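73 is the number that full-length UniProt numbering gives to position 73 of the sequence shown; each next residue is one higher, with no gaps.
See structure below.
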Amino acid sequence: MGLFFVNARNCLIQGVQIGPTAAFSAIQQACVNMTWRDIHLAQNDCHTNQDGIDVGPGCRNIVIDGITGHTGDDLCSVYAQNTSPPIHAYARRCRTLPTATSSGSTSPTST
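Here is the structure:
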């Protein structure tokens, strides 16, 4: 696993590369006022569930702005079960980059 934030408040994570990791690039739970900006994800498909930035239960006011790179799963994900109060998250400028295949060519990946 990469970065794991629990009960963090008022954090800015900016301009870093995360990966490769054995699972999530970054996950946050019960965090408030978190901003992820200009992050590059460098997962390598060697493990299953190599998510990018995950917004978990109890999070409020999460901004994801400018995420690029490759993951083995979701680039950005928000916990989808019923939470009380509801999760508040905003994402923009998120783009999965192509990965190299064994032949050396590139192919696009989906998020």
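A virtual CB, placed ideally from N, CA and C, is assigned to each residue, including glycine.
Quantities reported herein were computed from a predicted structural model and do not represent experimental measurements.
Is any non-hydrogen atom of the ligand GDP found closer than 7 angstroms to the C-beta of residue 67, if you look at the structure I gave you? The ligand GDP is absent from the structure shown, which contains no ligand whatsoever.
Look at the alpha carbon of residue 10 and the alpha carbon of residue 45, and state the distance between them as a whole number of angstroms. The residue given as residue 10 occupies position 10 in the sequence shown. The residue given as residue 45 occupies position 45 in the sequence shown. If I take the Cα positions, the gap works out to 32 angstroms.
With 16 other Cβ atoms within 10 Å as the buried cut-off, status of residue 54: Locating residue 54 in the sequence shown gives position 54, where the first residue counts as 1. With 16 or more Cβ atoms within 10 Å of its Cβ, residue 54 is classed as buried.
Candidates 34, 14, 29, 13: which alpha carbon is nearest residue 6's? On the sequence shown, residue 6 is found 6 positions in, with the first residue counted as 1. Cα-wise, what sits closest to residue 6 is 29.
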